[in-house]
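Positions -26 to -1, 1 to 513 (mature numbering (1 follows the signal peptide of the UniProt record, and there is no 0)) are the ones given, in order, by the sequence shown. Note that CB positions come from ideal geometry on N, CA and C, so glycine has one too.
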Amino acid sequence: MKFPQFSMLPFLMVVVMLSLSGTTLSHPHWDFLHCLSLRLADYSTISKVIYVQNNPSYSSVLNASIHNTRFSTPATPKPFAIITPLKTSHVRSTLYCSKKHGFQLRIRSGGHDVEGLSYVSEVPFVILDLLNFRAIKVDTKNEVAWVQSGATLGELYYAIAAKTNTLAFPAGMCHTVGAGGHFSGGGYGTLFRKYGLAADNIIDARMIDVNGRILDRKSMGEDVFWAIRGGGGNTFGIVLAWKIKLVPVPAVVTVFTVNKNLEQNATKIFHRWQYIAHKLPDDLFMNVWITKVNSSQVGMKTVQATFRGMLLGGVDELIALIQDKFPELGLAEENCNEMSWIESVLYFGGLPLQSVDILLDKNALPTLSLKAKSDYVKEPIPESGIEGLMSMFLEEEADNAVAMIPAFGGKMDDIPENELPYPHRAGNLFEATYIVQWTKEENAESGKYISWSRRLYSYMTPYVSKSPREAYVNYRDLDLGINNNDYTSYEQASIWGFKYFKNNFKRLVQVKTKVDPMNFFRNEQSIPPLLSPWKKKGN
């Protein structure tokens, strides 16, 4: 979509002149900027807050937080403007002017939405980018912290470790993920079998609702506070900050990696792992990554199962536990490393085990194009099923594909599925996320990679959860169903809603109907209100 092009400073002069003369600009895009510039009032900050398409910094600001280059092509719809607020009043002004002048608002914290929903829309839209809302305040005495939504998980972990080596937070493994989006979908990582999800450890929040009111847990009420902790972002309001409960960890943890390829009985060992991993003590995190690797035979490929984990304890305790419960893995001392919890963040994040300062670097890892899908598995997959899964990773399109499979159990079994919107608790052996990646230069051929992802998902149908086939909202998948741009019925949204939230979807719709009945905060997979005003007459 093409928008009017103009220079910001002449525009502001025009705005001032027209406002003084009482003249009204007629184009909605100009009207939006007129509205916003007047409400910001302090013209010295406007150049740091508003980026329109002809601004020299527009592209760099837009692309800085795009972590899926599938959505950074010339054909990708672009926002009319990117707003990077410096303070709460800027957020409220953006909300007000977007509503008044008919722009959809997409809220971006870290830019890791795998379907690009935080920065792409098919209708005229504005991005509210919270990159300047990154403050973190750690209180070790009370074992809590306040973290703003634009902070990355790496920045959060770094701030905690700067104060203490015996407190942590149970969130994800990728250090560039934004706290706001991650917490909004649940969020899990290496500590979730011990302490649950990130959302399970949120005790307060600061949110702006659709009417511009600033709310905390008490003033928003328990229904809304429940909904924002796992019900998905860009739905109930703009969460600016979260108060989180820090959790104890020992000064020393032990991590391990054991690689097994097809020639080393990877299929049989993974088959056995399914029966054991979810029953192990909750101090132990374990996951399996399935990837294509080079074979020992020159020019040949094989499939590797990488068994990785972390024990909240020492190496001797870990080896004794695995040798007793899972001797098939063949864990030895050379597979293990003792380290601090913050060093384990580097280990599982694929970062060099050097300075923890790398956690502050948003560009430490390469950015690729990708498609993700997810499943939950409640019964062990038979060996024949695993063999078929492994064989799909030998296909050409799977050169940069991975199945990430964390074991569940532990604390997750103890939390009722309606405690928060995230319902995937007791009864799950593990979650499986399938990600296929390709380079930005291969975007023209993205169809073959997405097709492979869909074929893998179809192959897994007999082995995963049913009625509904469950999925994790933090790995959004628009293949599951999407909302309309104008009106989406409860029945239509239920197609994808029950997969992410099971019966919690009903309560989420009730909360949405109460707090945002006009459905201003919306995207292709946001919770709709029961009676949406966007319904067209006659529908």
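For a quick check, are the C-beta atoms of residue i and residue j less than 7 Å apart?
i, j, result
"residue 85", "residue 123", "no"
"residue 155", "residue 127", "no"
"residue 371", "residue 422", "yes"
"residue 181", "residue 159", "no"
"residue 208", "residue 500", "yes"
"residue 457", "residue 419", "no"
"residue 140", "residue 225", "yes"
"residue 67", "residue 10", "yes"
"residue 229", "residue 116", "no"
"residue 110", "residue 130", "yes"
"residue 259", "residue 283", "yes"
"residue 439", "residue 352", "yes"
"residue 206", "residue 447", "yes"
Please report the straight-line C-alpha distance between residue i and residue j, rounded to a whole angstrom.
i, j, result
"residue 247", "residue 132", "33 Å"
"residue 272", "residue 266", "15 Å"
"residue 119", "residue 113", "6 Å"
"residue 4", "residue 285", "57 Å"
"residue 189", "residue 250", "44 Å"
"residue 477", "residue 399", "13 Å"
"residue 462", "residue 469", "11 Å"
"residue 268", "residue 277", "8 Å"
"residue 262", "residue 164", "12 Å"
"residue 375", "residue 402", "24 Å"
"residue 472", "residue 23", "38 Å"
"residue 41", "residue 87", "8 Å"
"residue 93", "residue 306", "46 Å"
"residue 301", "residue 295", "9 Å"
"residue 242", "residue 378", "18 Å"
"residue -16", "residue 148", "Low confidence applies here, because residue -16 scores a pLDDT of 48, under 50, leaving its location unreliable; read the following figure in that light. The straight-line gap from Cα to Cα measures roughly 41 Å."
"residue 35", "residue 121", "22 Å"
So which of the options has the shortest CA-CA distance to residue i?
i, options, result
"residue 388", "71, 65 and 168", "168"
"residue 45", "55, 199, 30 and 95", "95"
"residue 48", "22, 105, 417 and 462", "417"
"residue 57", "42, 29, 51 and 50", "29"
"residue 253", "137, 342 and 380", "380"
"residue 343", "22, 90, 62 and 23", "90"
"residue 239", "229, 280, 384 and 206", "280"
"residue 392", "105, 73 and 480", "480"
"residue 245", "446, 382 and 359", "359"
"residue 333", "136, 98 and 33", "136"
"residue 357", "491, 171, 236 and 125", "236"
"residue 482", "256, 243, 196 and 295", "196"
"residue 444", "424, 409 and 405", "405"
"residue 183", "32, 492 and 331", "492"
Which residues does DSSP pair with residue i in a beta bridge?
i, result
"residue 263", "280 and 378"
"residue 275", "268"
"residue 213", "181"
"residue 300", "Note: residue 300 sits in no beta bridge, so no partner."
Looking only at its own chain, which residues have a Cβ that is under 7 Å from the Cβ of residue i, when we skip the five neighbours before and after it?
i, result
"residue 173", "157, 160, 161, 203, 204, 394 and 396"
"residue 199", "179 and 191"
"residue 19", "60"
"residue 369", "426"
"residue 75", "2, 5, 6 and 9"
Within its chain, find whatever has a CB closer than 6 Å to the CB of residue i; leave out the 5 residues flanking it on each side and keep chain order.
i, result
"residue 103", "56, 58 and 82"
"residue 26", "55"
"residue 355", "437"
Taking 8 Å as the limit between beta carbons, can you name the residues of its chain near residue i, skipping five residues before and five after?
i, result
"residue 304", "232"
"residue 16", "none"
"residue 176", "157, 203, 216, 217, 218 and 219"
For a test of your reading of the model: does the CB of residue i fall under 6 Å from any non-hydrogen atom of the ligand NAP? Yes or no.
i, result
"residue 79", "Among the ligands in the structure shown, none appear at all, so the ligand NAP cannot be discussed."
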